[in-house]
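Visitor:
Right, here's the structure in full:
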């Protein structure tokens with residue numbers, strides 16, 4: 025109950041704007057009950073992030089390993105689909121809770137919060153797996169320019185998924201999950217960003 029309430033409030037406003045006391049009040053419990061389980065607000069943020077992060081990030085790892093080790097030719101959209109698939113599954117299976125969690129994680133990513141950075145770390149790390157997979161489709165992906173494109177494209181993709189309930193996007197996220205046409209366009213857009221185009225005029 026407490027973590028559910030915190031997740032919703034962090035998603036609807038922002039992590040920084042929500043006090044632990046406000047979470048307790050909204051959840052209908054005493055502040056001391058929240059303090060008992062989560063002595064500081066940071067503990068509550070960690071609990072919200074970790075409720076889904078292990079499953080989602082492990083799935084991203086599996087997808088990237090699959091692409092990196094594939095015996096078939098790999099295109100840039102194969103790489104993007106590997107990145108996006110676990111998030112799409114999450115939103116399909118739990119449109120409300122999954123979106124709230126993704127909004128929270130998007131905030132942590134943009135803040136370069138240690139909670140987010142810890143999810144990227146590992147042996148091998150997610151960035152290492154990404155570049156191993158993407159390098160098969162985009163030869164210059166590990167150059168300075170390629171890394172810049174990667175950061176822009178991936179954070180834009182996550183931000184778009186986290187905003188998939190907005191009217192501006194046409195509300196592609198509904199009770200049954202994400203609209204597949206919208207997902208396809210997001211994959212194409214992200215893939216184009218990763219690929220880049222050296223023939224564009226300055």
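In the numbering used here, the protein residues as written are 25 to 226.
Cβ atoms here follow ideal geometry from the backbone N, Cα and C, with glycine treated the same way.
1. State the DSSP-derived secondary structure class of residue 190, mapped to helix, strand or coil.
2. Helix, strand or coil, according to DSSP, for residue 40 in the structure here?
3. Could you tell me the distance, in whole angstroms, from the CA atom of residue 156 to the CA atom of residue 190?
4. Using a Cβ-Cβ cut-off of 8 Å (strictly less than) and excluding sequence neighbours within five positions of residue 179, which residues of its own chain qualify?
5. Might you give, ordered along the chain, the residues of its own chain that have their beta carbon closer than 8 Å to the beta carbon of residue 210, omitting 5 neighbours on each side?
6. Using 10 angstroms around the beta-carbon of residue 97, count the other beta-carbons present and answer buried if the total reaches 16, otherwise exposed.
7. Report yes if the CB atom of residue 129 is closer than 8 Å to the CB atom of residue 73, and no otherwise.
8. Take residue 220 and list the residues in its own chain whose beta-carbon comes closer than 6 Å to its own, dropping the five residues that flank it on each side.
9. Let me know the alpha helix (DSSP H) ranges lying completely inside the stretch 121-179, each 4 residues or longer, listed in chain order.
10. Could you tell me the alpha carbon to alpha carbon distance between residue 58 and residue 32, rounded to whole angstroms?
11. Cα separation between residue 150 and residue 138?
12. Using the C-alpha atoms, what's the distance from residue 143 back to residue 78?
13. Give the DSSP bridge partners of residue 198, in chain order.
14. Under 6 Å Cβ to Cβ from residue 76, same chain only, skipping five residues before and after it: list those, please.
15. For residue 38, count neighbouring C-beta atoms within 10 Å of its own C-beta (all shown protein chains included) and say buried if the count is 16 or more, exposed if not.
16. Go ahead and pull the three-state DSSP assignment for residue 61.
17. Helix, strand or coil: which one does DSSP assign to residue 118?
18. Report the residue from 121, 214, 136 and 140 whose alpha carbon sits nearest the alpha carbon of residue 30.
19. Would you decide whether residue 87 is buried or exposed? Buried here means 16 or more other CB atoms lie within 10 Å of its CB.
Guide: The short version:
1. coil
2. coil
3. About 34 Å.
4. 133 and 134
5. Closer than 8 Å at Cβ, skipping near neighbours: 108, 181, 184 and 185.
6. The residue is exposed, with fewer than 16 neighbouring Cβ atoms inside 10 Å.
7. Their beta carbons are under 8 Å apart, which means residue 129 touches residue 73 by this criterion.
8. Excluding positions up to five away in sequence, the list reads 173.
9. 138-144 and 150-158
10. 16 Å
11. Their backbone Cα atoms lie some 15 Å apart in a straight line.
12. Cα to Cα, the separation comes out at about 8 Å.
13. 201
14. Exclusion of the five residues before and after residue 76 leaves 125 as the residues of its chain whose Cβ lies within less than 6 Å of its Cβ.
15. exposed
16. The three-state reading of DSSP puts residue 61 in helix, counting H, G and I together.
17. coil
18. 121
19. buried
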